[in-house]
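Undergrad: For what it's worth, this note's numbering labels the leading residue of the sequence shown as 2, then goes sequentially. Positions of the beta carbon are idealized from the N, C-alpha and C atoms, including for glycine. Shown below is the structure under consideration.
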Amino acid sequence: MTDILPSAQPTPAPRPDHVLDAVTAQLTPTVVCLCGSTRFWTEMAEANLRETAASRIVLAPGCNLKEPHELWATPTQATQLKPLLDALHRRKIDMADEILVVNPGGYIGASTRSEIAYADFLGKRVRYTTEEHQGVTATRQITCHVAVCSVCGYTYDEGGDFGTYHYNTSDEAIAGATGEDPQYAFTQLPDGALLCRRSDRAHQEVLGALLAAATETHMHEQLAATGQQPVLTEETRHAALLTRPGHPSLRIGPYDTEVEADRIATGLREQLHHTTHVPGTVITTVVFDAELPHSEAYITTNPYELASRMDADEADAGKETAFPDTYARLHAQLGYERARDTWLGAAAAYDWMHHDHA
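Right, here's the structure in full:
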């Protein structure tokens, strides 16, 4: 019997010297991963072309499940393939130096938001094809004095704070460079104590009581000037109101204090710059009216319940009336960093729920 010996591994052929020319030797290209909805397949191809022409290595989605193909011709095939493609795309983000979000018209869907959050978590640079969403980065130097919050004990030491901040426009960056950093800003209470700008319930209750006291004092002063007597009423609650030209208004609430309602409204306004919405939408704070329909004041933070809401969001993806979607609500409720971390957990739950475990 003839012995069967393992075949030797082929020896790589030497690289011709002319392949490694001066340009190739000096080139250390940035690796960029394209992210965005596959509905923008044409725009993806254009971004790929432009990034390649700019001497960048491009990692892009390779399958468009919205277009017919024999590899995903049946629902079963498509269901099995999608979680694999999602996992593959996250590995591309791992390998990339930065991501480029293809967002014509400013549209960013739920899955793309999770990719942006994942890239942020990894410390990757994030760019956008729509200029107005790229924002402006500025450096700010702030001189601060010792301050201690009377509620949580948060202390900011005397000295300077130096860091990088992100703004939507150049005007905002110029104004912000000379302004007070809201993270380290404190409100002085009537007794001289200081309150930091954290937005949890304990801090909001102190601010709410302060606002209520100021309002009551003002009311009594006004009534005294006219000789009238104050009329005591039940505690007033508030809501966030979205006025949408050509569409029904949307109310969110109720909130125990006007301060809390305004915090939610402010967070939603921030998301208007990053999400498709009805042009001309105005977000304000109003007194809660129990006779009118309202969306819930706070949405769930349970990852599996959020994953279910993602499914509902996908059905209305790209529609102007879909704002505020789940991520916009989460951002307004928790703030950027907590919303990002919560969204990452929900995205993982979404992938698990849609994965074929058979």
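Within 10 angstroms of its Cβ, does His219 collect 16 or more other Cβ (buried), or is it exposed?
TA: Reliability fails at His219, whose pLDDT of 48 lies under 50, so the model's placement of it is uncertain and the value that follows must be treated cautiously. The residue in question, His219, is exposed, as its Cβ has fewer than 16 Cβ neighbours within 10 Å.
Undergrad: Pick out whichever of Thr258, Tyr299, Gly281 and Ala308 has its Cα sitting closest to the Cα of Ala350.
TA: Taking only the C-alpha atoms, the option nearest Ala350 is Ala308.
Undergrad: Give every residue of the same chain whose Cβ lies closer than 7 Å to the Cβ of His248, excluding the five residues on either side of it in the sequence, and list them in chain order.
TA: Only Val279 and Thr322 meet the Cβ criterion.
Undergrad: Rounding to the nearest angstrom, what Cα-Cα distance links Lys320 and Tyr328 in this structure?
TA: About 15 Å.
Undergrad: Per DSSP, what kind of secondary structure is Ser115 in: helix, strand or coil?
TA: Residue state, collapsed to three classes: helix.
Undergrad: Helix or strand or just coil, what does DSSP make of Arg252?
TA: Strand, per DSSP.
Undergrad: On a Cα-Cα basis, can you pick out the residue from Val288, Trp344, Arg57 and Leu293 that is closest to Ala120?
TA: Comparing Cα positions, the closest option is Trp344.
Undergrad: Could you name the residues that DSSP lists as bridge partners for Ala241?
TA: Looking at the DSSP assignment, Ala241 forms a beta bridge with Ile253 and Thr286.
Undergrad: Kindly give me the distance between the Cβ atoms of Gly107 and Thr282, rounded to whole angstroms, as I take these residues to be in contact under 8 Å.
TA: Gly107 to Thr282, Cβ: 13 Å. No contact.
Undergrad: Who are the near neighbours of Ser8 in its chain, counting only those whose CB is closer than 6 Å to its CB and skipping five residues on each side?
TA: Residue confidence for Ser8 is low, a pLDDT of 48 falling below 50, so the modelled location carries little weight and cannot support an answer.
Undergrad: Beta strand (DSSP E) containing Ala129: first to last residue?
TA: Here residue 129 turns out to be Tyr, not Ala, going by the sequence shown. That run of the beta strand (DSSP E) goes Arg126 to Tyr129.
Undergrad: Below 8 Å between beta carbons: does that hold for Pro62 and Thr39?
TA: Going by C-beta atoms, Pro62 is nearer than 8 Å to Thr39.
Undergrad: I'd like to confirm the pairing. Which residues does DSSP put opposite Ile100 in its beta bridges?
TA: Answer is Cys34 and Val127, bridged to Ile100.
Undergrad: Given that a residue counts as buried once 16 or more other Cβ atoms are within 10 Å of its Cβ, and exposed if not, what is Ser56?
TA: With fewer than 16 other Cβ atoms within 10 Å, it is exposed.
Undergrad: Taking 6 Å as the limit between beta carbons, can you name the residues of its chain near Phe41, skipping five residues before and five after?
TA: The answer, listed in chain order, is Val103 and Pro105.
Undergrad: With burial defined as no fewer than 16 other Cβ atoms inside 10 Å of the residue's Cβ, what is the status of Leu89: buried or exposed?
TA: The residue is exposed, with fewer than 16 neighbouring Cβ atoms inside 10 Å.
Undergrad: Taking just the CA atoms, how far does Arg341 sit from Thr1?
TA: As displayed, the chain neither begins before 2 nor continues past 359, which places residue 1 out of reach and without an answer.
Undergrad: Jot down the residue ranges of each uninterrupted beta strand (DSSP E) in the stretch 32-73, minimum 3 residues, whole runs only, in chain order.
TA: Whole beta strand (DSSP E) segments, 3+ residues: 32-36 and 58-60.
Undergrad: Looking at C-alpha atoms only, which residue of Thr244, Thr113, Leu251 and Thr237 is the closest neighbour of Met311?
TA: It is Thr113 whose Cα lies nearest to the Cα of Met311.
Undergrad: What first and last residue would you give for the alpha helix (DSSP H) that runs through Ala262?
TA: Glu259 to Leu273 is the extent of the alpha helix (DSSP H) around Ala262.
Undergrad: Could you say which of Asn65, Ala316, His295 and Glu44 lies nearest to Gly254 if we only look at CA atoms?
TA: The candidate whose alpha carbon is nearest that of Gly254 is His295.
Undergrad: Counting only runs that start and end within the stretch 290-327, where is the beta strand (DSSP E) found for 3 or more residues in a row?
TA: Counting only runs of 3 or more, we get nothing.
Undergrad: At the level of alpha carbons, what is the spacing between Ile175 and Asn49?
TA: Summary for Ile175: the model assigns pLDDT 44, below 50, so the residue's position carries little reliability; its value from the coordinates is reported in the next sentence. For Ile175 and Asn49, the distance between alpha carbons rounds to 33 Å.
Undergrad: Which same chain residues end up closer than 8 Å to Val288 when comparing Cβ atoms and leaving out the 5 residues on each side of it in sequence?
TA: If we look at Val288 and ignore the five residues flanking it on each side, its Cβ neighbours are Thr237, Arg238, His239 and Ala240.
Undergrad: Quick one: Cα of Ile100 to Cα of Glu116, how far?
TA: C-alpha separation (whole angstroms): 9 Å.
Undergrad: Note down, in chain order, each residue of its chain lying with its Cβ closer than 7 Å to the Cβ of Leu331, except the 5 sequence neighbours on either side.
TA: Once the five neighbours on either side are set aside, the close Cβ partners of Leu331 are Ile300, Ala340, Thr343 and Trp344.
Undergrad: Does DSSP classify His90 as helix, strand or coil?
TA: It is helical.
Undergrad: Inspect the beta-carbon positions of Val33 and Asp98 and report whether they are closer than 8 Å.
TA: Yes. Within cutoff.
Undergrad: Taking all protein chains shown into account, do 16 or more other C-beta atoms lie within 10 angstroms of the C-beta of Arg51, making it buried, or fewer, making it exposed?
TA: That one is exposed.
Undergrad: Using the beta-carbon count (16 or more within 10 Å), is Gln334 buried or exposed?
TA: By the 10 Å Cβ count, Gln334 comes out buried.
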